[in-house]
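To convert, note that position 17 of the sequence shown is 18 in the numbering used here; the numbers rise steadily by one, no gaps. Notes to accompany the following structure.
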Amino acid sequence: MTGKKAKNIGQRNRYYVKESHPAIVTEEVFDLVQEDMAKRARLLHKDDGIVESSTSKYNGKYLLRNLLICGDCGASFRRRTERGKVVVTGKINLTTFSK
Numbered sequence: 002m003t004g005k006k007a008k009n010i011g012q013r014n015r016y017y018v019k020e021s022h023p024a025i026v027t028e029e030v031f032d033l034v035q036e037d038m039a040k041r042a043r044l045l046h047k048d049d050g051i052v053e054s055s056t057s058k059y060n061g062k063y064l065l066r067n068l069l070i071c072g073d074c075g076a077s078f079r080r081r082t083e084r085g086k087v088v089v090t091g092k093i094n095l096t097t098f099s100k
């Protein structure tokens with residue numbers, strides 16, 4: 002043993018042991034989460050970071066979108082994440098907030 006990790010690509014047998022330990026979540030919950038993750042993966046991502054899907058509750062709408070109005074241009078603010086920072090935009094300005 003050298004202490005280095007090596008990927009088993011067929012040099013040793015692999016074994017799958019079903020129900021070898023108690024489950025953390027039920028199989029039904031696992032399946033529901035997998036289905037939800039698949040739905041989220043099918044969302045449409047636009048270039049400006051906004052997520053759109055007319056049939057999904059994960060459509061990227063900013064909670065305060067119609068409540069915050071830009072004083073310069075009068076546009077509703079939009080929120081997106083850019084390089085790990087939250088960016089709130091109107092039509093003219095960009096304001097960046099650290100997480």
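Each residue gets a CB set at the ideal place from its N, CA and C atoms; glycine is no exception.
Let me know the secondary structure DSSP gives residue i once reduced to three states.
i	result
residue 88	strand
residue 36	helix
residue 29	helix
residue 103	Shown here, the chain extends from 2 to 100; a query on residue 103 therefore has no answer.
residue 83	strand
residue 10	coil
Looking only at its own chain, which residues have a Cβ that is under 7 Å from the Cβ of residue i, when we skip the five neighbours before and after it?
i	result
residue 24	none
Skipping 5 residues on each side, what residues in its chain have a beta carbon closer than 6 Å to that of residue i?
i	result
residue 11	none
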